[in-house]
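Each residue of the sequence shown is one higher than the last, beginning at 8 in our numbering. Glycine residues also receive a C-beta, built at the ideal position from the N, C-alpha and C atoms. Here the structure is a predicted model, which means the values were calculated and not measured. Remarks on the structure that follows.
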Amino acid sequence: MRMQAKEQQPADSGGSSSGDSLQTKRQLKSSSCFSNIKIFLISECALMLAQGTVGAYLVSVLTTLERRFNLQSADVGVIASSFEIGNLALILFVSYFGAKAHRPRLIGYGGIVMAFGAFLSALPEFLTNQYEIREMWRTDLGRDYCSNTSSEDVQFEDAMCANKANTNMMYLLLIGAQVLLGIGATPVQPLGVSYIDDHVKKKDSSLYIGILFSTLVFGPACGFILGSVCTKFYVDAIFIDTSITPEDPRWIGAWWLGFLLCGALLFCSAILMFGFPKSLPNGDKDDGLDSEQVMLSHSLSSDYETPKPSNGVICSPEPANIPTCFQQLKVIPNVTKCLLSNPVFTCITLAACMEIAVVAGFAAFLGKYLEQQFNLTTSTANQLLGMTAIPCACLGIFLGGLLVKKFDLSALGAIRMTMLVNLISTTCYVFFLFLGCDTGPVAGVTVTYGNESLRVGEKPDAECVRHCNCLTSSISPVCGSNGVTYLSACFAGCTQTLPRTAFNVSQNLTGCSCISAQSALATAVPGKCAVPGCQEAFLIFLCIICACSLVGAMAQTPSVIILIRTVTPELKSYALGVLFLLLRLIGFIPPPLIFGAGIDSTCLFWSSDCGERGACLLYDNMAYRHLYVSLAIILKGVAFLLYTTTWYCLHRNYKKYIKSHDNHLGPNEFYPSLNDDPELLNQTKLISTIEDHEICENMESVL
Numbered sequence: 008m009r010m011q012a013k014e015q016q017p018a019d020s021g022g023s024s025s026g027d028s029l030q031t032k033r034q035l036k037s038s039s040c041f042s043n044i045k046i047f048l049i050s051e052c053a054l055m056l057a058q059g060t061v062g063a064y065l066v067s068v069l070t071t072l073e074r075r076f077n078l079q080s081a082d083v084g085v086i087a088s089s090f091e092i093g094n095l096a097l098i099l100f101v102s103y104f105g106a107k108a109h110r111p112r113l114i115g116y117g118g119i120v121m122a123f124g125a126f127l128s129a130l131p132e133f134l135t136n137q138y139e140i141r142e143m144w145r146t147d148l149g150r151d152y153c154s155n156t157s158s159e160d161v162q163f164e165d166a167m168c169a170n171k172a173n174t175n176m177m178y179l180l181l182i183g184a185q186v187l188l189g190i191g192a193t194p195v196q197p198l199g200v201s202y203i204d205d206h207v208k209k210k211d212s213s214l215y216i217g218i219l220f221s222t223l224v225f226g227p228a229c230g231f232i233l234g235s236v237c238t239k240f241y242v243d244a245i246f247i248d249t250s251i252t253p254e255d256p257r258w259i260g261a262w263w264l265g266f267l268l269c270g271a272l273l274f275c276s277a278i279l280m281f282g283f284p285k286s287l288p289n290g291d292k293d294d295g296l297d298s299e300q301v302m303l304s305h306s307l308s309s310d311y312e313t314p315k316p317s318n319g320v321i322c323s324p325e326p327a328n329i330p331t332c333f334q335q336l337k338v339i340p341n342v343t344k345c346l347l348s349n350p351v352f353t354c355i356t357l358a359a360c361m362e363i364a365v366v367a368g369f370a371a372f373l374g375k376y377l378e379q380q381f382n383l384t385t386s387t388a389n390q391l392l393g394m395t396a397i398p399c400a401c402l403g404i405f406l407g408g409l410l411v412k413k414f415d416l417s418a419l420g421a422i423r424m425t426m427l428v429n430l431i432s433t434t435c436y437v438f439f440l441f442l443g444c445d446t447g448p449v450a451g452v453t454v455t456y457g458n459e460s461l462r463v464g465e466k467p468d469a470e471c472v473r474h475c476n477c478l479t480s481s482i483s484p485v486c487g488s489n490g491v492t493y494l495s496a497c498f499a500g501c502t503q504t505l506p507r508t509a510f511n512v513s514q515n516l517t518g519c520s521c522i523s524a525q526s527a528l529a530t531a532v533p534g535k536c537a538v539p540g541c542q543e544a545f546l547i548f549l550c551i552i553c554a555c556s557l558v559g560a561m562a563q564t565p566s567v568i569i570l571i572r573t574v575t576p577e578l579k580s581y582a583l584g585v586l587f588l589l590l591r592l593i594g595f596i597p598p599p600l601i602f603g604a605g606i607d608s609t610c611l612f613w614s615s616d617c618g619e620r621g622a623c624l625l626y627d628n629m630a631y632r633h634l635y636v637s638l639a640i641i642l643k644g645v646a647f648l649l650y651t652t653t654w655y656c657l658h659r660n661y662k663k664y665i666k667s668h669d670n671h672l673g674p675n676e677f678y679p680s681l682n683d684d685p686e687l688l689n690q691t692k693l694i695s696t697i698e699d700h701e702i703c704e705n706m707e708s709v710l
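Listed below in structure tokens is the structure:
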């Protein structure tokens, strides 16, 4: 009745004027720079760059946080995983409700939340006392030398443990900040990718998405570089001036500075998102629907009809007949089941999880691996990763998208490409099994040390250190003139240090009774003893890791393209949300725990911290290398099997998974509660029919 009434109303001059005004506004809006998908791509890249930077920056300052707040490695591991926990909490809901809402605006809100989380991450430094240099001297200097100062050491240990108990609030604050970062990052990737794919031509989609993910991977390189720069400034440089240098073991860098810079970058990038409209002009988009974007039944689409406009007015059904938000929330399990029942979607998603698991597990400990296997410093290892492996991975993602566009690969061609690059990268990992250095002789651990073997927390009974008070809560390895590595100068029996001069730039330790009875030979230098052949092996390893990162990353863009081409446009955002949910649930959270547990199983000597077992001080390098690399090879092998299954399904019946419309859910299966009311059932056809009505404002059109 309302439609008929509106049809009978004459169009007056006022209506014509308002129509002209509205058309003029639309033309002005279309001519805005924010109506260009390329500008949106740049803004989205800036936001994802900032997101990747702040995530990698946290990793680069984890050891600094350990020393600053007396945290254990398990504690900082929880901080690092809090981001994924926060992201998991909302990823499905944001992806499900997001596409029907204003996607750029939601992305902007997410960026602001991330900025707030970054600022909050820096807050603990300003809520706690200034760092006192004297707190560290007994740990890093006095205790490393052979001296009988047991009472002082006990007092120092008690003070350190008491101070550790007082950092619980700062620890919880850091966790909360990372949770906020994870929550804010929720809409950025799935809504950004779907928004771009909706407004570009099919043949250009892979290139745009490749550029987007290349930027995300480039962010960690910026994060590591930012971490190396910020930690060169003293933690309280704005309050006090210190005479110590970054080479001093008591040095604590300005870890908080990078979080403030990342927060500012996140905020500025997020503000740009509020300028983009809900949808862009379709100048660059293909006409019609993509024939490959079919997963639900054709009957589901044909039975549901979009409301027909009359004189520019879309009439709504009666409010009582519109599904409620609760009814639409009940659709989520059915939609998820529908997605996962497609073997192509499921296999591609799980394969992506396996690939990401390699990145999350292998790359998370790659810096530590370089330190242990090739005797590199932490700063050198991080610098090499930031300048070699990460840029190569960035280039690989871009090349993957470019190749898909260049050769106009179908879903079948894209899966062949992913299988090939997976096979090549897995071969590279096999070479890693043979590239590394042995642990070498270590007194009391791998070679006999005074007829005694060291035990955690116990004073060794060797004659040469019987009068010393050597503790095992931390070590500073030294290389004796006899070619044997000692856990510290104390365990070598060293009593003094020769001062550095213009002719002697290294710090020589003398009076080391455990090395030799002759004073001229009883010397040592800081650091582990070099193992022959390590430098050559490291150079080969560096070349292979670059090639592996480049080739392996080329599989990411074609995988995403296959995924979004096997679902309907209405399910695209939600499908990406499911992908990112599983990536975090399977690919990001468990692998670091699995790799970490495996690495710990190769430990030869543990530290003791406040009466509890602390970090591993010495590893069996060969066992470490074989287990660490084998885990990555297994994950890559599982991914190859999943890629092969996907290829088999597409090769056997391509139309069934790409173009077929059979054997999928109908509307009554999505809304079982409506089966008894055929009239109401007919009015639930496609949630998109209510897209112009004010019900469930942020609901995504998924059916």
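Straight-line spacing of the CA atoms in N341 and S348 works out to 10 Å. Residue state for N515 is assigned as strand, using DSSP reduced to three classes. Put simply, the segment 90-101 touches the segment 591-604. At least three CB pairs are less than 8 Å apart. Note that the segment 535-548 does not touch the segment 558-569; fewer than 3 beta-carbon pairs, one per stretch, sit closer than 8 Å. About 6 Å separates the beta carbons of M55 and V195, which is inside the 8 Å limit, making them a contact pair.
Per DSSP, the unbroken beta strand (DSSP E) holding A531 starts and ends at A531 to P533. Relative to the Cα of R423, the nearest Cα in the group C501, I355 and F439 belongs to I355.
The Cβ atoms of A646 and E378 do not sit closer than 8 Å to each other.
With 16 or more neighbouring CB atoms inside 10 Å of its own CB, R110 falls in the buried class.
CA-CA distance, A562 to L657, rounds to 17 Å. Under the three-state reduction of DSSP, W262 is assigned to helix. Our two residues, G490 and F405, have alpha carbons roughly 47 Å apart in a direct line. For the pair V485 and A499, the Cα-to-Cα distance works out to about 8 Å. Nearest to F100 by alpha-carbon distance, out of G282, L588, I218 and T530, is L588.
By the CB criterion at 8 Å, I278 and G59 fall outside the cutoff. According to DSSP, residue pairing for Y650 in a beta bridge does not occur. Counted as a single uninterrupted DSSP element, the stretch harbouring V454 is not any alpha helix (DSSP H), since DSSP gives it neither H nor E. K535 and D445 have their C-alpha atoms spaced approximately 12 Å apart.
For V485, the enclosing beta strand (DSSP E) has its first and last residue at V485 to G487. For M361, the uninterrupted alpha helix (DSSP H) run begins and ends at P350 to V365, by DSSP. Bounds of the alpha helix (DSSP H) holding L214 are K209 to C237. When only Cα atoms are considered, A496 and P533 end up about 8 Å apart.
With a 10 Å radius around the Cβ and a threshold of 16 neighbouring Cβ atoms, F439 comes out buried. Between F612 and L600 the beta-carbon gap is near 22 Å, outside 8 Å, which marks them as no contact.
Just measuring C-alpha positions, the residue of I606, F274, I232 and V68 sitting nearest F126 is F274. Contact annotation, I259 with V242: C-beta distance approximately 4 Å; criterion of less than 8 Å satisfied. Under the three-state reduction of DSSP, F548 is assigned to helix.
Ranked by how close their Cα comes to the Cα of N476, the residues L219, T502 and V452 have T502 in first place. Ranking M280, L590 and L410 by CA distance to the CA of F41 puts M280 first.
Here the alpha carbons of T653 and P350 stand approximately 7 Å from one another. Assignment of T492 by DSSP, reduced to helix, strand and coil, places it in the strand class. The Cβ atoms of E91 and R591 lie closer than 8 Å to each other. As the crow flies, the alpha-carbon of L642 is around 22 Å from that of Q380. Excluding the 5 residues flanking it on each side, I216 has same chain C-beta neighbours closer than 8 Å at V200, I203, D204, G408, T564, V567 and I568, in chain order.
DSSP places C40 within a helical segment (H, G or I) once states are collapsed to three. With respect to S608, S276 sits apart: the two C-beta atoms are not nearer than 8 Å.
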